[in-house]
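In UniProt numbering, the protein residues as written are 1 to 408. Just so you know, even glycine gets a beta-carbon here, dropped at the ideal spot from N, CA and C.
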Ligand code: HEM
């Protein structure tokens with residue numbers, strides 16, 4: 001097999017041949033990224049899992065050899081200059097342990113489960129928008145608004161302000177690649193959340209922001225600044241990821257009519273277990289998070305036979321690890337009923353996705369609603385002509401045109 005170009009043309013549409021090449025030929029390899037930063041890419045499942053849980057790999061961008069966090073070259077998009085804040089994805093224990101424990105008291109799996117009927121109602125309301133029509137863009141009209149309204153609702157953003165979030169989130173999504181737009185959107189969201197926290201302090205409710213304000217741990221409270229950063233990271237980490245779970249997932253199904261029919265049958269018969277395993281398989285097969293967020297070596301270490309120096313950035317390629325034939329049988333085949341599926345789509349170790357219970361609920365509700373409301377949904381474009389948004393960390397469609405028989 002010859003070397004496949006990383007990050008080149010066609011890469012975002014199908015990165016898997018390049019990842020297969022790396023996995024086989026250079027499983028831990030130093031690459032210069034499009035941003036100019038050099039980082040180690042880890043592509044085998046066993047190495048990836050180990051790296052995600054390795055305490056010698058710090059999440060603190062201040063550990064980067066070039067320390068260019070403030071320039072926005074490492075860290076999450078939109079964090080730059082005054083926008084840099086402290087949150088779960090850029091800190092290590094013991095601060096990470098404290099903040100994660102505090103937020104976990106507000107964001108419990110039980111609380112999230114109680115939210116499921118609201119997510120389903122929201123999905124149905126969005127599907128009402130397809131009434132009387134025979135075509136739609138599933139990204140713009142469904143996958144994009146669903147998570148933003150769901151998280152706003154959960155955080156306790158008043159309904160009259162939620163469309164502002166839709167606009168800011170749109171700025172983040174549509175300007176990705178152009179830092180200015182993302183930075184402005186981050187700044188506005190953050191400013192709004194800071195004010196909302198301030199207002200809610202006087203009248204706590206049963207929403208997540210009130211829970212964050214209430215959260216205390218051995219007398220230790222979240223500061224207002226920490227609560228705002230936490231609310232922001234919940235929105236940020238839970239928005240584009242879920243858009244892509246629905247978008248990439250629906251595309252995979254639409255391209256595989258046998259699996260789609262299987263899921264539609266099971267869903268119509270109320271067989272929830274196939275829906276559950278389908279969400280896991282779609283996360284593995286073409287998950288939203290292509291690379292886990294940045295990690296930086298704090299001491300010399302060996303990864304997959306390579307010597308990594310202190311300060312070196314390490315990026316774990318979840319999408320490559322989840323197609324590793326050493327771990328998954330027939331990794332390039334979509335099998336919605338796959339039993340043995342310990343995918344890394346939500347990460348692994350202490351930074352394992354906090355929002356996984358919510359993401360699973362949203363994924364289930366989206367698939368179930370779309371299959372029920374659009375029983376003969378089909379792709380309305382040549383899959384090769386679809387346009388992708390390939391940021392460094394996430395990968396998803398810009399649009400997903402579909403056709404169906406109008407509901408009558
Ligand atoms: C962390 C994936 C949805 C909140 C992560 C990580 C991954 C991930 C891979 C680990 C990153 C790393 O180790 O570098 C996903 C996927 C989602 C999703 C695929 C949707 C399908 C959500 C949602 C929320 C959320 C809905 C919240 C509402 C978080 C937070 C972290 C995180 C706060 C940081 C946890 C920590 O550092 O302790 N997610 N996520 N995610 N996710 Fe998600």
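For residue i, the first and last residue of its enclosing alpha helix (DSSP H)
| i | result |
| --- | --- |
| residue 236 | 224-254 |
| residue 18 | 16-25 |
| residue 389 | Note, residue 389: premise wrong, no alpha helix (DSSP H); beta strand (DSSP E) at 388-390. |
| residue 272 | 272-286 |
| residue 356 | 356-373 |
| residue 89 | Run containing residue 89: none; DSSP gives neither H nor E here. |
| residue 337 | Where residue 337 is concerned, there is no enclosing alpha helix (DSSP H), given that its DSSP letter is neither H nor E. |
| residue 65 | Run containing residue 65: none; DSSP gives neither H nor E here. |
| residue 111 | 109-114 |
| residue 100 | 95-106 |
| residue 152 | 145-155 |
beta-carbon residue i near the ligand HEM non-hydrogen atom, thresh 7 Å
| i | result |
| --- | --- |
| residue 148 | no |
| residue 406 | no |
| residue 117 | no |
| residue 350 | yes |
| residue 369 | no |
| residue 293 | yes |
| residue 186 | no |
| residue 238 | yes |
| residue 353 | yes |
| residue 86 | no |
| residue 157 | no |
| residue 288 | yes |
| residue 391 | no |
| residue 100 | yes |
| residue 211 | no |
| residue 337 | no |
| residue 359 | yes |
| residue 318 | yes |
| residue 139 | no |
| residue 202 | no |
Chain-order list of residues whose beta-carbon lies under 7 Å from that of residue i (same chain, five-residue window excluded)
| i | result |
| --- | --- |
| residue 129 | 141 |
| residue 205 | 156 |
| residue 23 | 43, 44, 320, 324 |
| residue 252 | 282, 285, 286, 334 |
| residue 376 | 404, 405 |
Status (buried if at least 16 other CB within 10 Å, exposed otherwise) for residue i
| i | result |
| --- | --- |
| residue 32 | exposed |
| residue 27 | buried |
| residue 269 | exposed |
| residue 198 | exposed |
| residue 381 | exposed |
| residue 183 | buried |
| residue 147 | buried |
| residue 322 | buried |
| residue 410 | The structure shown has nothing for residue 410, since the chain only spans 1 to 408. |
| residue 161 | exposed |
| residue 365 | buried |
Close beta carbons around residue i, own chain, < 6 Å, minus the five adjacent residues each side
| i | result |
| --- | --- |
| residue 399 | 137, 139 |
| residue 280 | 341 |
| residue 264 | 371 |
| residue 353 | 346, 347 |
| residue 194 | 228 |
Residues bridged to residue i [DSSP beta-bridge criterion]
| i | result |
| --- | --- |
| residue 296 | 58, 313 |
| residue 301 | 308 |
| residue 221 | 216 |
| residue 378 | 403 |
| residue 345 | Answer is none; residue 345 lacks a bridge partner. |
| residue 394 | 289 |
Where the beta strand (DSSP E) through residue i begins and ends
| i | result |
| --- | --- |
| residue 135 | 135-137 |
| residue 30 | 28-32 |
| residue 403 | 401-403 |
| residue 41 | 38-42 |
Same chain, Cβ closer than 8 Å to residue i, neighbours up to 5 away in sequence not counted
| i | result |
| --- | --- |
| residue 5 | 11, 18 |
| residue 300 | 307, 308, 309, 310 |
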